[in-house]
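Protein chains: 2
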Amino acid sequence: MAKRLLRTLAGEAVWPPPIWLMRQAGRYLPEYRAVRAGVPDFVSLCTTPAQAAEVTLQPLRRFGMDAAILFSDILILPWALGQGLRFAEGEGPVLPPIRDAAGLAALDPGRLPQAIAAVLETIERVRAAVGEAALIGFAGAPFTVACYMVEGKGAKEFPAVRLLAWRDPALFARLMELLTETTIAYLSAQIAAGAEAVMLFDSWAGLLPPRQFRDFVIAPAARIVAALRTRHPQVPVIGFPRLAGLLLGEYAARTGVQGLGLDTAADPARARAMVPPAMALQGNLDPLALLAGNPAQAAETAAILAAMRGTPFVFNLGHGILPETPPDHVASLVRQVQGA
Amino acid sequence: MAKRLLRTLAGEAVWPPPIWLMRQAGRYLPEYRAVRAGVPDFVSLCTTPAQAAEVTLQPLRRFGMDAAILFSDILILPWALGQGLRFAEGEGPVLPPIRDAAGLAALDPGRLPQAIAAVLETIERVRAAVGEAALIGFAGAPFTVACYMVEGKGAKEFPAVRLLAWRDPALFARLMELLTETTIAYLSAQIAAGAEAVMLFDSWAGLLPPRQFRDFVIAPAARIVAALRTRHPQVPVIGFPRLAGLLLGEYAARTGVQGLGLDTAADPARARAMVPPAMALQGNLDPLALLAGNPAQAAETAAILAAMRGTPFVFNLGHGILPETPPDHVASLVRQVQGA
């Protein structure tokens, strides 16, 4: 009998729905902070299999989640291609920004197999230990990864990458091509190592005007999904085009994803009405409602469950869990969903 | 014969469409920077009628825009209610944050008539000088204004206000009530002083989960529109619920606005299909495409015009013009739209 998450992604209305949370392995857990304190920096944690596997498994042990998601970061891909990466305390990622052909030429896809070996070993370790939970691999989608590669850091609106796309479409297209191809290779290797589903995070998709959304969000996702399906036909892909807004249905119809992540702002019932009935939806409790706790958390959770009952659905947040979240709130959420 | 913008907002498919740009009076114009250099700070510029009227009119003189929008700021309302406000150079607005009942109680609606007198005088001066262009007044929508009042500054996701809404719904409801009522009074006074249309900016509407979007975005906008229609039935309201996404149609149907501003991410053709045929749409060129200039700017402009031809439409940006934008790009845009 297949795992609950995988049955859901195959189109079955499993109920109560499986649950896992974006960034469920992270700073809100004391056992995570203990492991983190023992490694020199965040990139080391992502690339040391014993520790990365340990933190991946922590939320399963504590809460009984239905899925583990590989502990890693979407910027491990550019790091593996040779772009420098560090995480400044309290500031997020810092990379030497790529703004021209020379910067792009310095990236080396040939480094990928060696550079991701530790990630693949993490996956092997976790897969051996997940039991009835499913193991999800992931990558950033090309546009979102490009946001950080070109900006060189997090930003409110990522003007540098969007300006590059307008000013030098040929260079930007080459960057997107490189990211699309290496993302296929990266996710394919994760699946070969043991990932049972993969998720494509396009956190900044909603910044784009509609024509660019089609070119830089939908088209690369469709290529990635098609390539993975050829190589690994049994492994579902969850797409997460955050803030896709009016184009959510178009993303669902044209990319071929089996699962669709809903961001905090998406109305679940409206989303349900615009995607094929067998498509699994995943989401979308406001992380701030979870931080606030009851009664807000319970009321919002009940509303989402009511809207999704009887359909293939994976309970999750609409964005990553916040570091300030009390673990007790998560335990209460899991109980509520499991009792649905 | 009514002004082109007002005919469009009344549901007529005026063509070529009227054009104006959000933040068209601003730092990208050297004549603006010259006026700004002569006043001590940004709030002074907003509250000194001669200078505020001058910068309001500058883009009309230079580009022949079809509308002037009052030069002011959405935070002039909390400032008028007694919340401190200053604009830190390069950092944006700074206010002493309101987080509890005492902070809310310190706001004084009784200050409003006196505090906004200068804004109303600016409107009178501009109205006397706009000629065939229409004068648009504006306010921030209650949720977006509350974002800044509670956070105390600009932020990426405005966690403080969203957490307050979950943790203390009664206090948050009182803040929203105060802002809704004072916004009605403020916009009504602007209309009485000469504004021919008003716009309600809800820049951060897209942060909210769907049930809060209905309570904190749609419901207050509906109340504001209804109250203004009773007092000033001839004056149209343009709503701008930025990043409303899947809920854009619901906002259009339930608020009663005559015009609907589209953000950069909204697909104009999809938006058109989900609103009443007589509703004017306004938008939505990417400000970064305008900064980049041709050929990106011309191609995007042509695509928007093609999607909107034959319908009531106001050409605008999808977000405010960026300070780095060359004025020549704006001149080129206006020529293209006027030649449509």
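Residue numbers (my numbering), protein chains in the order written: chain A, -2 to 337; chain B, -2 to 337.
Ideal Cβ positions, reconstructed from N, Cα and C, are used throughout, including at glycine.
For clarity, every value in this text was computed on a predicted model and none was experimentally measured.
Notebook entry, point to check: Do A:P139 and A:T180 have their CB atoms nearer than 8 Å?
Noted result: yes
Check: So B:I73 and B:V116 are in contact, right, with Cβ under 8 Å, and what is the actual spacing, rounded?
Finding: 7 Å
Next item on the list: Determine contact between the region 160 to 175 of chain B and the region 193 to 204 of chain B, defined as no fewer than three beta-carbon pairs at a distance below 8 Å.
Entry: no
Check: Taking the DSSP output, what are the residues bridged to B:N281?
Finding: B:N313
Note to self: Against B:R208, what residues of chain A qualify as contacts under a CB-to-CB distance less than 7 Å, listed in chain order?
What the structure shows: Residues of chain A passing the Cβ test: A300.
Next item on the list: Could you name the residues that DSSP lists as bridge partners for A:R83?
Entry: According to DSSP, which records beta bridges pairwise, A:R83 is partnered with A:V91.
Note to self: Quick check for students: name the residue ranges of the alpha helix (DSSP H) that lie wholly in the region 162 to 192 of chain A, counting only runs of 4 or more.
What the structure shows: Whole alpha helix (DSSP H) segments, 4+ residues: 166 to 190.
Margin query: Tell me the DSSP secondary structure of A:G256 in three-state form.
Written below: strand
Next item on the list: Identify which residue in B:K0, B:G87, B:L160 has its Cα closest to the Cα of B:R124.
Entry: B:K0
Item checked: B:M271, DSSP secondary structure in three states -> Note: B:M271 maps to coil in three-state DSSP.
Check: Under a Cβ-count criterion, where at least 16 other Cβ atoms within 10 Å of its own Cβ denotes burial, should B:D260 be classed as buried or exposed?
Finding: Under this definition B:D260 is a buried residue.
Check: Nearest-angstrom Cα distance between A:L67 and A:A126?
Finding: A:L67 and A:A126: Cα-Cα distance of roughly 12 Å.
Margin query: Out of B:D165, B:A216, B:I120, which one is the CA nearest neighbour of B:A186?
Written below: Nearest option by C-alpha distance: B:I120.
Notebook entry, point to check: I think A:L330 touches A:L288, with their Cβ atoms under 8 Å apart; what is that distance to the nearest whole Å?
Noted result: No, A:L330 and A:L288 are not in contact; Cβ-Cβ is about 11 Å, not under 8 Å.
Next item on the list: Tell whether a beta-carbon distance below 8 Å holds between B:L57 and B:A130.
Entry: yes
Check: For the region 49 to 133 of chain B, which segments carrying the alpha helix (DSSP H) assignment without a break, of at least 4 residues, lie completely within its bounds, in sequence order?
Finding: 73 to 77, 98 to 102, 109 to 112, 114 to 124
Check: Alpha carbon to alpha carbon, how far is B:P94 from B:E247?
Finding: 32 Å
Note to self: If I measure Cβ to Cβ from B:G336 and keep anything under 8 Å in the same chain, skipping five residues before and after, which residues do I get?
What the structure shows: P13
Margin query: Run through chain A and tell me which residues come within less than 8 Å of B:K153, C-beta to C-beta.
Written below: From the beta-carbon of B:K153, the residues of chain A found nearer than 8 Å are K153.
Check: Which ranges would you report for the beta strand (DSSP E) in the region 189 to 221 of chain B if only whole runs of at least 3 residues count?
Finding: 194 to 199
Notebook entry, point to check: According to the Cβ coordinates, are A:A277 and A:Q255 closer than 8 Å?
Noted result: yes
Margin query: Residues of chain A with CB closer than 7 Å to the CB of B:P156, please, in chain order.
Written below: Among the residues of chain A, those whose CB is under 7 Å from the CB of B:P156 are L285, following chain order.
Next item on the list: Can you pull the chain B residues whose beta carbon is under 7 Å from the beta carbon of A:F244, in chain order?
Entry: Phe is not the amino acid found at residue 244 of chain A; the sequence shown has Leu there. Under the 7 Å cutoff, chain B gives D264.
Margin query: Using a Cβ distance threshold of 8 Å, determine whether the region 143 to 154 of chain B contacts the region 51 to 65 of chain B, with at least three qualifying pairs required.
Written below: no
Notebook entry, point to check: From A:A34 to A:G290, what does the alpha carbon distance come to, in whole angstroms?
Noted result: 28 Å
Next item on the list: Work out the CA separation of B:Q333 and A:D199 for me, nearest whole Å.
Entry: 34 Å
Note to self: Give me the chain D residues within the contact set of B:R159, using Cβ-Cβ distance strictly less than 7 Å, ordered along the chain.
What the structure shows: Reference to chain D is not applicable here, since the protein chains of this structure are A and B.
Next item on the list: Drop a sphere of 10 angstroms on the beta-carbon of B:A299, count the other beta-carbons inside from all chains shown, and report buried for 16 or more, exposed for fewer.
Entry: exposed
Notebook entry, point to check: Hey, out of B:L184, B:N313, B:P323, B:E321, whose CA is closest to B:A346's CA?
Noted result: In the structure as shown, chain B begins at -2 and stops at 337. Residue 346 of chain B is therefore absent and cannot be evaluated.
Check: Which residue's Cα is closest to the Cα of A:R208: B:A263, B:L244, B:V222, B:R159?
Finding: B:A263
Item checked: Coil, strand or helix - A:V158 by DSSP -> In the structure shown, A:V158 sits in a helix (DSSP, three-state: H, G or I).
Margin query: If distances are taken between C-alpha atoms only, which option among A:R228, A:L282, A:A286, A:G317 comes closest to A:I301?
Written below: A:L282
Check: Who pairs with A:P238 in a beta bridge, going by DSSP?
Finding: A:D199
Item checked: Neighbour list for A:G315 in chain B, Cβ cutoff strictly below 9 Å -> Residues of chain B passing the Cβ test: P206.
Next item on the list: Pick helix, strand or coil for A:I318, following the three-state DSSP scheme.
Entry: coil
Item checked: Helix, strand or coil at A:G246 [DSSP, three-state] -> helix
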